[in-house]
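Mind the numbering: the sequence shown is residues 1 to 295 in UniProt numbering, read in order. Heads up, the thing below is written out as structure tokens.
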Amino acid sequence: MDSSSVLSDEDYDLISNPGQRSLESSIADLHHIPALNTYEIPPSDAARERLSAVALSPGDIQAYVQNALNSSSTGKYPRDNVTLRVYVDGVFDVLTIGHVHQLRQAKLSFPSVHLIVGVLSDEQCRAHNTTPHFSHLERCELMRHCRWVDEVLHDAPWTVNDRFIIDKRIDYLALEEGSSVNPEFDKERLKGYDVAKRLGRVLPTRMTTGLTAAPLLVSYNASADTTPFRELAEMVLEQPGRSTFTHPPPTTSTTTSADSKTHDLEALGAMEALEAMSNELAERCARKQRQPARG
């Protein structure tokens, strides 16, 4: 898609409302959406010290977005206090503090925001070599309960384009800084953001640093005879006494045979033993994935 196919602001206003009303008057119909007046629990001192984006105030966020839009060649921070429609999309398979901070910044980018979150479907993810661990329904439901989200878009496109922006009356797309140089970010999706940038409709959100590394979720072949949860249950039942949820006495065994793992688990508490067995299960899953496919 070249720049000639991108509609001008005049076309945007006209098509977004066939009655030829301006974009501002169209958005004014959203008068039932109040400006943010929800009380926020203040972050702890430890969170302020460790997480870079946790203490950004609404004023900080709006000043940053205003500077970014005004310094770009195509964007301009709106002066009128109208409700703006901001869009964020993603898989949201494992919701992290980084996601939440991005949603918060998107919601607070302007005095009044209607935040739309697009959740990418299971089929789209699999088509782009991504396999969510949680279903599309569950991921949408998770977003519905996020305090910053006003609307969940269940049929979000993998790549946004000018027609999608017009149809959904989107004023700005929120994009985390550094995404365009992140090798893990899908390049096809970035092409859609490039279209929005030419329209001057991308606003930046700052990345949260200081996060704990996300846990490794091991994909498992669903066609295997034994599911991970059943295998984990069998590992629990294999333990001596089967009393995994009580604290067994420490063992003094110095066994170095193949049974040493079992003796080690006996010396652990309930949660530690379960975590150890979960790690062992993850190793088994990884080994099975590395095995050549049968037949």
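Glycine is no exception: its CB is placed at the ideal position from the N, C-alpha and C atoms.
Using a 10 angstroms sphere on the CB of LEU199, the tally of other CB atoms reaches 16 or more, which defines it as buried. Within its own chain, the residues whose Cβ lies closer than 8 Å to the Cβ of GLN66, once the five positions on either side in sequence are excluded, are TYR77, listed in chain order.
Annotation for HIS114: no alpha helix (DSSP H) segment contains it, though the beta strand (DSSP E) segment containing it runs 113-119. With distances taken between CA atoms, HIS145 lies nearest to ILE116 out of ILE116, ALA196, THR205 and SER71. Ranked by Cα distance from HIS114, the options TYR87, LEU120 and LEU137 are led by TYR87. With fewer than 16 neighbouring CB atoms inside 10 Å of its own CB, LEU137 falls in the exposed class. Counting C-beta pairs with one atom in each stretch, the stretch 95-103 and the stretch 183-195 have fewer than three that are closer than 8 Å, which means they do not touch. Setting aside the 5 residues that flank it on each side, PRO157 is surrounded in the same chain by PHE164, each with a C-beta closer than 7 Å to its C-beta; the list follows chain order.
By the criterion of a C-beta distance shorter than 6 Å, LEU84 is surrounded in its chain by PHE110, VAL113 and ASP171, once the five residues flanking it on both sides are discounted. Burial is judged here by how many other beta carbons sit within 10 angstroms of a residue's own beta carbon; ILE61 has at least 16 and is buried.
Shortest Cα-Cα distance from GLY178 to any of LEU203, HIS128 and ASP155 involves LEU203. DSSP, read as helix, strand or coil, puts TYR64 in helix. Going by beta carbons, LEU51 and GLY210 fall inside the 8 Å limit. Note on geometry: alpha-carbon atoms of PRO132 and GLN124 lie some 10 Å from one another. Within the same chain, LEU103, ARG104, LYS107 and LEU115 come within 7 Å of TRP148 by CB-CB distance, once the 5 residues on both sides are set aside.
Secondary-structure assignment with DSSP links ARG85 through a beta bridge to HIS114. Residues ALA53 and THR208 of the same chain have their beta carbon placed closer than 6 Å to that of HIS101, with the five preceding and five following residues left out of the count. Out of GLU40, ASP155 and HIS128, the CA that lies nearest to the CA of VAL119 is found in ASP155. Of the candidates PRO43, ARG206 and VAL91, ARG206 places its Cα closest to the Cα of ALA174. Under the DSSP assignment, GLU151 falls in the beta strand (DSSP E) whose first and last residues are 151-153. If you draw a straight line from the Cα of ALA68 to the Cα of SER135, it comes to about 36 Å. Non-local beta-carbon contacts of MET143 in its own chain, meaning distances under 7 Å to residues more than five positions away in sequence, involve PHE92, VAL117, VAL119, VAL149 and VAL152 in chain order. The alpha-carbon of ASP167 is positioned some 21 Å away from that of GLU188.
Taking C-alpha positions only, CYS140 is separated from ASP186 by approximately 21 Å.
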